[in-house]
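The structure under discussion appears below in the form of structure tokens.
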Amino acid sequence: MAAITARSLADALHLPVKDAWLDALRESGQLPEISAANRTACQRVLLNRFLQSDLRSIGRGKLGHLEERASRRVPGRFVFQVDEMVNTAAPVKQRYQHTSGQRSLKLALTDGTHQWIAHEYKPVPALRADAVAGFKVAIDNPEFRRGVIFLQRDDVKVLGGHVQHLQEARRRVQSKLEEEPRARRPGQGNALEAATAAAWEPQVPAQTTVPSTNASSVRTALPHGGHQHPAAAHQNQPATHCYAPGISFERNSSRLRFVDHGTSLPLDCFGMDVMLMDDGLMVSAVLSHDLIQQHLGLVPAEMVNMLHQGDKEGLMARMSSLTGFLGSFQGVVKISVTGPDDSPVVVEWWPETA
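If you count the sequence shown from 1, position 174 lands on 174 in the UniProt record's numbering, and the numbers rise without skipping.
Here it is as structure tokens:
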């Protein structure tokens, strides 16, 4: 029979921890001598120590590096630490509060060596937005889509635990957010980033990286600007693309318009002004011509003919279908940006399924 070691116990529990941490537990007497008779008790002690530790310090990772745009399931059980979790469907001040209504949880995970963003693809009752920071979860056969882990009920098991300094930082973030009179609008700065900076800068050395589920990486690629025809321009210019998970469209914010490529008729391109919502913040954007045309089932010339023929009911039915879709959308969008002064253009989308 193979010898029972601290490493074999950790591997049996799927704990991605360093050998040095296991050695330190034994040397300090926190983990007793392991034998067949006390194996279960030792596993219990090891798991409890793990749950109260910061995986960013003791973890060696297990998942490894994945291609950013890989879309696949990775077989096996993987244990992560949840550094932060927010309800992106809630107003900014309520993003850390548990709700029984509609929600969309976004999690910042680490396995000790890599950071991942996870999104609640289907409701996971075991997760609560008000959970303590640093708790641990086991995810079976995690599903990756473009570098994001999509969570479902049967994939996630909450193990418990917490990390004290992460929880204290979370309280400081919440306290800072409560000082905000209201959620900031585009152009007024980022309340979430300001709160995070206020919470961490005095306590954390400059070289320390604190993962966050805010959408700063997305917003960097979503400049505010006023290019005249972004819906058409992105089709003919080099563009930078990014994938933004956890996105919804603000209701009553869309406006369909035609875009004239030249200086005279015919008008041959659709454009639609929308507001993207992420983490309670709104960013103006434009739907691409192809997305609008695909959803309406019409080319611009056909819509013009419907207007000329007085078919308002048919036109309104198609428009209502599009605006209804946007109003209920939750999911991932692909953003195209052609220049620093251009509006971002939504070129693809992947709605969540119920």
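Every residue gets a Cβ at the ideal spot worked out from N, C-alpha and C, and that includes glycine.
Use the C-beta contact count for residue i: other C-beta atoms within 10 angstroms, 16 or more gives buried, fewer gives exposed.
i, result
"Met-85", "buried"
"Lys-98", "The amino acid occupying residue 98 in the given sequence is His; Lys does not appear at that position. It counts as exposed."
"Thr-40", "exposed"
"Pro-91", "exposed"
"Asp-111", "buried"
"His-289", "buried"
"Thr-5", "exposed"
"Asn-141", "exposed"
"Gly-271", "buried"
"Asp-83", "buried"
Using DSSP with H/G/I as helix, E/B as strand and the rest coil, what is residue i?
i, result
"Asp-140", "strand"
"Ala-133", "coil"
"Phe-50", "helix"
"Val-304", "helix"
"Asp-273", "strand"
"Leu-105", "strand"
"Lys-334", "strand"
"residue 358", "A query on residue 358 cannot be resolved here, the shown segment of the chain reaching from 1 to 354 and no further."
"Lys-93", "helix"
"Ser-254", "Confidence in Ser-254 is poor, its pLDDT being 46 and thus under 50, which makes the residue's placement unreliable; the coordinate value appears in the next sentence. Of the three classes helix, strand and coil, the one that applies to Ser-254 here is coil, per DSSP."
"Ala-317", "helix"
"Phe-329", "coil"
For the beta strand (DSSP E) containing residue i, name the first residue and the last one.
i, result
"Asn-87", "77-87"
"Leu-31", "Note, Leu-31: premise wrong, no beta strand (DSSP E); not H, not E."
"Ser-71", "71-73"
Taking the alpha helix (DSSP H) that residue i falls in, what are its first and last residues?
i, result
"Gln-164", "164-179"
"His-289", "289-296"
"Leu-13", "It is not in any alpha helix (DSSP H) - Leu-13 carries neither H nor E in the DSSP assignment."
"Leu-55", "55-58"
In angstroms, rounded to a whole number, what distance separates the CA positions of residue i and residue j?
i, j, result
"Lys-334", "Ile-139", "26 Å"
"Met-319", "Val-346", "18 Å"
"Asp-130", "Gln-102", "15 Å"
"Ala-133", "Ile-34", "31 Å"
"Ile-149", "Ser-336", "22 Å"
"Lys-157", "Glu-348", "32 Å"
"Leu-296", "Met-275", "19 Å"
"Val-286", "Leu-47", "49 Å"
"Glu-178", "Gln-94", "9 Å"
"Val-299", "Ile-117", "38 Å"
"Ala-10", "Phe-329", "42 Å"
"Arg-77", "Leu-107", "18 Å"
"Pro-123", "Asp-155", "11 Å"
"Trp-350", "Arg-153", "20 Å"
"Ala-126", "Leu-105", "12 Å"
Following a CB-centred definition, is residue i positioned closer than 6 Å to any heavy atom of the ligand FMN?
i, result
"Arg-72", "The model on display carries no ligand, and the ligand FMN is accordingly not part of it."
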